[in-house]
Amino acid sequence: MGRHQECERAKSAGRRIWGFIKISVLIGLVAMMSGAIFIFSYLMGLDEWKQFDPSKIGEMQQTLLIFDRAGNETAALYNQQNRVYLPIEEIPDYVKSAFIAIEDARFYQHHGVDVVRILRVRQQHQK
């Protein structure tokens, strides 16, 4: 084996070692950044509980649902109306259709921007 081949082997081994070190350092930095972000977000969440004021429960706009450890609903606290948030996917189609019919019967014709209605409103305000 010639001297040139031994030198190439040494360079190749050195490159592999440096490559491994670079990847290890990169993984370590990513892990440290992830840990720092997790700890920061966890500590920021604790501050929200410090701002919790039980005396304002009666002023809520939505119903406050209270659950036990098993995930069972134990109580529902609300002000004057029992309002519960519902995602749009859970609202029945007939309710959506009724709302659109009452608010804007031509909704599906103009897809949200009713130029005719805008011009009418402008005309009324100019009088």
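Taken in order, the sequence shown gives residues -6 to 120; the numbers are from the numbering used here. Just so it is clear, CB atoms sit at the ideal spot from N, CA and C, and this is done for glycine as well. If you're wondering where the values come from, they're calculated on a predicted model, not measured in any experiment.
Residue range of the alpha helix (DSSP H) that residue i falls in?
i    : result
L112 : 108 to 119
V77  : Unbroken run through V77: none, as it is neither H nor E.
E52  : First-last for E52: undefined, no H or E at that position.
S90  : 86 to 96
H103 : 100 to 103
I need the boundaries of the beta strand (DSSP E) containing residue i, first residue and last residue.
i   : result
A68 : 66 to 70
I59 : 57 to 60
Given a cut-off of 8 Å on the beta-carbon distance, is the pair residue i and residue j in contact?
i   : j    : result
Q55 : V23  : no
L58 : I50  : no
N75 : E52  : no
Q99 : D107 : Note that residue 99 is Arg in the sequence shown here, rather than Gln. Yes, Cβ-Cβ distance for R99 and D107 is below 8 Å.
Across the region 82 to 95 and the region 56 to 67, are there enough close Cβ pairs to call them in contact, namely three or more that are closer than 8 Å?
They do not touch, by the three-pair rule.
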